[in-house]
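Trainee: One structure follows; several queries about it will come next.
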Amino acid sequence: MSKSTEPEWQEKNSLQLDVNYMMEEFLGTEGIKADQLKDSLFSRAAQSLRDKRPQLEWQELPYTQNEVVKEILDYATWAKDKFTNFVVLGIGGSALGPIAVHQAVNHYYYNELPKEKRCGFPRFYVIDNVDPERFVALLDIIDPAETLFNVVTKSGSTSETMAQFMIVRSILQKRLGDGYNQHIVATTDTEKGNLIKIAKQENYKLFYIPGGVGGRFSQLCPVGLLPAAMTGIDIEELLAGAAHMDRWTREEDILKNPAYLRAALHYLALQKGKNISVMMPYADSLKYMADWYAQLWAESLGKRCDLQGKEVFVGQTPVKALGVTDQHSQVQLYTEGPLDKVINFLAVGKFRQQVDIPLVFKEIPAVSFLGGHSLNELMEAERQATEYALFRAGRLNNTIYFPEVNPFTIGQLIYLLEVETAFMGELLNINTFDQPGVEEGKNATYALLGRPGYEAKRAELESGSPKLGQYILSLG
Ligand code: PA5
Numbered sequence: 020m021s022k023s024t025e026p027e028w029q030e031k032n033s034l035q036l037d038v039n040y041m042m043e044e045f046l047g048t049e050g051i052k053a054d055q056l057k058d059s060l061f062s063r064a065a066q067s068l069r070d071k072r073p074q075l076e077w078q079e080l081p082y083t084q085n086e087v088v089k090e091i092l093d094y095a096t097w098a099k100d101k102f103t104n105f106v107v108l109g110i111g112g113s114a115l116g117p118i119a120v121h122q123a124v125n126h127y128y129y130n131e132l133p134k135e136k137r138c139g140f141p142r143f144y145v146i147d148n149v150d151p152e153r154f155v156a157l158l159d160i161i162d163p164a165e166t167l168f169n170v171v172t173k174s175g176s177t178s179e180t181m182a183q184f185m186i187v188r189s190i191l192q193k194r195l196g197d198g199y200n201q202h203i204v205a206t207t208d209t210e211k212g213n214l215i216k217i218a219k220q221e222n223y224k225l226f227y228i229p230g231g232v233g234g235r236f237s238q239l240c241p242v243g244l245l246p247a248a249m250t251g252i253d254i255e256e257l258l259a260g261a262a263h264m265d266r267w268t269r270e271e272d273i274l275k276n277p278a279y280l281r282a283a284l285h286y287l288a289l290q291k292g293k294n295i296s297v298m299m300p301y302a303d304s305l306k307y308m309a310d311w312y313a314q315l316w317a318e319s320l321g322k323r324c325d326l327q328g329k330e331v332f333v334g335q336t337p338v339k340a341l342g343v344t345d346q347h348s349q350v351q352l353y354t355e356g357p358l359d360k361v362i363n364f365l366a367v368g369k370f371r372q373q374v375d376i377p378l379v380f381k382e383i384p385a386v387s388f389l390g391g392h393s394l395n396e397l398m399e400a401e402r403q404a405t406e407y408a409l410f411r412a413g414r415l416n417n418t419i420y421f422p423e424v425n426p427f428t429i430g431q432l433i434y435l436l437e438v439e440t441a442f443m444g445e446l447l448n449i450n451t452f453d454q455p456g457v458e459e460g461k462n463a464t465y466a467l468l469g470r471p472g473y474e475a476k477r478a479e480l481e482s483g484s485p486k487l488g489q490y491i492l493s494l495g
């Protein structure tokens, strides 16, 4: 039996949520009253989310991926010996999860480690932009002939990803001739889009994104599982963590359900003008979980219309921060600036390393007091101090505790924040799973680059008001 299925181990590795400093008892009128959490709005939203569960396929991913996991693990075992590098080509939900999980679980300088210290797994890169300098820079350090490229797009038509793919495919064809297709693995929708057609035609290895799983909710399907497995991350443990959190977030009592409670508190805070939600991990390993959260929260909840089509212009702006680094950058603003934020800390109980600070400079007490402590203690003391300072300044904050960072706890966090986002969407009465504002930009790009079928959009763009010269400054 794997350790992640043992109840005792699971209990020891359960996340914890502390919302004390969100509440009136601590923050006075700035805080949330316990009675507000009894509003029937919350039980109605919980019921509505439960009713929708059959359509929300992402909620079932902890249970539906067994066959796929086996296939991924077999493929990763084959591929790890063949390739020196593994490169993800994707953007948005197809890239942020793989980056965040890699950073959380693997060695901080994974790519610089010798291969045996990577247990034989390839180096890992994610190209989540179309910046030409970065693209060429990657080609400067990898040999495409030793590289496996994972092109990931749910829609199979995202311009950025398809452009990356087209460039890579040409390079591989020129270098390798017929065998080039062994260097491409596609992750896409089972039917929709253009990538699936190309992949079948050109005989690429294929993994599928289930129909009811959208980009930002896709980390627990092959979008995230294949990249994780390609660097040796225990993907079964990741899914076990998500299943563990699923059991917890099925609780009907909002005070016992961490996802509902966090969403309800954010919703009530938003009613009080807290338009910003800061995600601030106190661990470099969790830095990119804040990026992943930012997309989930922003793209899911920032909506012009509610479910009845009425203009509501809702959402809460996510901000990424990092403890302790941003104590010397943003915390001044959080403590004394506008009262418009909720700060979410991610705290780690046990780091995977311990670094002691030597007992030196005894003649300078203002420095020597650090000696005999550890960086671990310093990190935690600074987090507690910031939490306390924010509470003293009347700023809403809460903490999610990780006993330690591992695939099981990361799986829990992913699932927690996904359910929280879905619940917040219910409270805001919006469609959490679409992104009409992004589609408009995508369509305008297609029009500007001459995609057939977008002629009317191009005409619309060209007939827009020309910019005025007096508002454009340049030297000379
Ligand atoms: O969450 C989403 O749906 C988006 O952020 C997508 O992940 C992003 O636009 C990329 O789309 P696709 O996977 O279709 O290429």
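In the numbering used here, each residue's number is its place in the sequence shown (first place is 1) plus 19. Even for Gly, the Cβ is constructed at its ideal location relative to N, Cα and C.
Do the CB positions of Leu287 and Ile449 come within less than 8 Å of each other?
Mentor: As a working note, residue 287 is residue 268 in the sequence shown. As a working note, residue 449 is residue 430 in the sequence shown. Result no, Cβ atoms of Leu287 and Ile449 do not sit closer than 8 Å.
Trainee: Would you kindly work out how many angstroms separate the C-alpha atoms of Leu494 and Pro81, rounded to a whole number?
Mentor: As a working note, residue 494 is residue 475 in the sequence shown. As a working note, residue 81 is residue 62 in the sequence shown. For Leu494 and Pro81, the distance between alpha carbons rounds to 58 Å.
Trainee: Which residue comes first and which comes last in the alpha helix (DSSP H) that contains Thr207?
Mentor: Your numbering for residue 207 matches position 188 in the sequence shown. Here Thr207 belongs to no alpha helix (DSSP H); instead the beta strand (DSSP E) covers Ile203 to Asp208.
Trainee: Measuring from the CB of Glu318, is there a heavy atom of ligand 1 at a distance below 7 Å?
Mentor: Numbered from 1 along the sequence shown, position 299 holds the residue referred to as residue 318. Yes - ligand 1 has a heavy atom lying nearer than 7 Å to the Cβ of Glu318.
Trainee: Could you compute how far the alpha carbon of Leu352 sits from the alpha carbon of Asp162?
Mentor: On the sequence shown, position 333 is the one that residue 352 refers to. On the sequence shown, position 143 is the one that residue 162 refers to. Those two C-alpha atoms are separated by around 45 Å.
Trainee: Are there three or more Cβ pairs, one per stretch, closer than 8 Å when the region 316-335 is compared with the region 363-380?
Mentor: Judged by Cβ distances under 8 Å, the region 316-335 makes no contact with the region 363-380, as fewer than three pairs qualify.
Trainee: Look at Gly233 and Lys322 and say whether their C-beta atoms are less than 8 Å apart.
Mentor: Looking up residue 233 in the sequence shown gives position 214. Looking up residue 322 in the sequence shown gives position 303. The answer is no: Cβ separation not under 8 Å.
Trainee: Quick one: is Arg266 buried, meaning 16 or more other Cβ sit within 10 Å of its Cβ, or exposed?
Mentor: Position 247 of the sequence shown, counting from 1, holds the residue named residue 266. Classification of Arg266: exposed, given that the 10 Å Cβ count is below 16.
Trainee: For the putative contact between Gly231 and Leu432, defined by C-beta atoms under 8 Å, what is the C-beta separation to the nearest angstrom?
Mentor: By 1-based counting over the sequence shown, the position of residue 231 is 212. By 1-based counting over the sequence shown, the position of residue 432 is 413. About 22 Å separates the two Cβ atoms, so there is no contact after all.
Trainee: In terms of residue numbering, what span does the alpha helix (DSSP H) encompassing Arg188 cover?
Mentor: Numbered from its first residue, the sequence shown carries residue 188 at position 169. Looking at the DSSP string, the run of the alpha helix (DSSP H) that includes Arg188 is Ser178 to Leu195.
Trainee: Whole angstroms is fine: what's the gap from Ala340's alpha carbon to Met299's?
Mentor: As a position in the sequence shown, residue 340 is number 321, starting the count at 1. As a position in the sequence shown, residue 299 is number 280, starting the count at 1. So the alpha carbons of these two residues sit roughly 5 Å apart.
Trainee: Beta carbon of Arg188: closer than 7 Å to some heavy atom of ligand 1?
Mentor: Residue 188 sits at position 169 when you count from the first residue of the sequence shown. Checking the Cβ of Arg188 against ligand 1 gives no.
Trainee: Does the Cβ of Gln29 lie closer than 7 Å to at least one heavy atom of ligand 1?
Mentor: Residue numbering aside, residue 29 sits at position 10 when the sequence shown is read from its first letter. Because no heavy atom of ligand 1 lies under 7 Å away, the Cβ of Gln29 does not count as near it: no.
Trainee: In chain order, which continuous runs of the alpha helix (DSSP H) of length 4 or greater are located wholly inside the region 272-305?
Mentor: Fully enclosed alpha helix (DSSP H) runs of 4 or longer: 277-290.
Trainee: In terms of residues, what are the limits of the alpha helix (DSSP H) holding Gln35?
Mentor: Translated into the one-based positions of the sequence shown, residue 35 becomes position 16. Not the alpha helix (DSSP H): Gln35 falls in the beta strand (DSSP E), residues Gln35 to Asp37.
Trainee: With the cut-off set at 8 Å, would you say Thr496 and Ser113 are in Cβ contact?
Mentor: Lying before the first or after the last residue shown, residue 496 is absent from the chain, which here runs from 20 to 495.
Trainee: Between the Cα of Phe364 and those of Gly334, Ala302, Asp54 and Ser178, spot the shortest distance and give me the residue it belongs to.
Mentor: If you number the sequence shown from 1, residue 364 lands on position 345. Considering only alpha carbons, the answer is Ala302.
Trainee: For Cys138, which residues from the same chain have a beta carbon less than 7 Å from its beta carbon, with the 5 sequence-adjacent residues on both sides left out?
Mentor: The residue you call residue 138 lines up with position 119 of the sequence shown. Result list for Cys138: Gly251, in chain order.
Trainee: Pull up the distance between the alpha-carbon of Ala218 and that of Ile160, whole angstroms please.
Mentor: Within the sequence shown, the letter at position 199 stands for residue 218. Within the sequence shown, the letter at position 141 stands for residue 160. C-alpha separation (whole angstroms): 27 Å.
Trainee: Please check if any C-beta of chain B sits within less than 8 Å of the C-beta of Val242.
Mentor: Here chain B cannot be found, since the structure has a single protein chain.
Trainee: What do you reckon, is the C-beta of Lys173 under 7 Å from a heavy atom of ligand 1?
Mentor: What you label residue 173 is simply residue 154 of the sequence shown in a count that begins at 1. It does: the Cβ of Lys173 is within 7 Å (strictly closer) of some heavy atom of ligand 1.
Trainee: Would you call the region 235-248 and the region 420-439 in contact, with 3 or more CB pairs under 8 Å?
Mentor: Yes, they touch.
Trainee: Any idea if Phe380 is buried or exposed, counting beta-carbon neighbours within 10 angstroms, 16 or more meaning buried?
Mentor: Here residue 380 refers to the residue found at position 361 of the sequence shown. Its Cβ having fewer than 16 others within 10 Å, Phe380 is exposed.
Trainee: Looking at the strands, I want to know which residues DSSP matches up with Thr166.
Mentor: Mapped onto the sequence shown, residue 166 falls at position 147. Per DSSP, Asn104.
Trainee: Less than 8 Å separating the beta-carbons of Val170 and Leu108?
Mentor: The count along the sequence shown starts at 1 and reaches residue 170 at position 151. The count along the sequence shown starts at 1 and reaches residue 108 at position 89. Contact flag set, yes.
Trainee: Which partner residues does Pro337 have in the DSSP bridge list?
Mentor: Looking up residue 337 in the sequence shown gives position 318. Answer is Ser296.
Trainee: State yes or no: is the C-beta of Thr464 nearer than 7 Å to some heavy atom of ligand 1?
Mentor: Start at 1 with the first residue of the sequence shown, and residue 464 comes out as number 445. Thr464: no, Cβ never under 7 Å from ligand 1.
Trainee: Under a three-way DSSP split, which group does Glu459 fall into?
Mentor: To locate residue 459, count along the sequence shown from 1; it is residue 440. Helix, per DSSP.
Trainee: Would you call Met264 buried or exposed, if buried means 16 or more other Cβ atoms sit within 10 Å of its Cβ?
Mentor: The residue you call residue 264 lines up with position 245 of the sequence shown. That one is buried.
Trainee: Cβ of Ser176 within 8 Å of Cβ of Asn148?
Mentor: Taking the sequence shown and counting its residues from 1, one reaches residue 176 at position 157. Taking the sequence shown and counting its residues from 1, one reaches residue 148 at position 129. No.
Trainee: Tell me the DSSP secondary structure of Asn448 in three-state form.
Mentor: Within the sequence shown, the letter at position 429 stands for residue 448. Asn448 falls in the coil class under three-state DSSP.
Trainee: Would you list the residues sitting across from Tyr420 in a DSSP beta bridge?
Mentor: Counted from its first residue, the sequence shown places residue 420 at position 401. Beta-bridge pairing links Tyr420 to Gln35 and Ala366.
Trainee: So, at 6 Å on beta carbons, what are the nonlocal neighbours of Pro141 in its own chain, with the 5 sequence-adjacent residues on each side left out?
Mentor: Along the sequence shown, read from residue 1 onward, the residue named residue 141 stands at position 122. Correct list, in chain order: Phe102, Thr103, Asn104 and Phe105.
Trainee: I'd like to know whether the C-beta atoms of Val343 and Glu401 end up nearer to each other than 8 Å.
Mentor: The residue labelled residue 343 in the question sits at position 324 within the sequence shown. The residue labelled residue 401 in the question sits at position 382 within the sequence shown. Yes, they are a contact pair.
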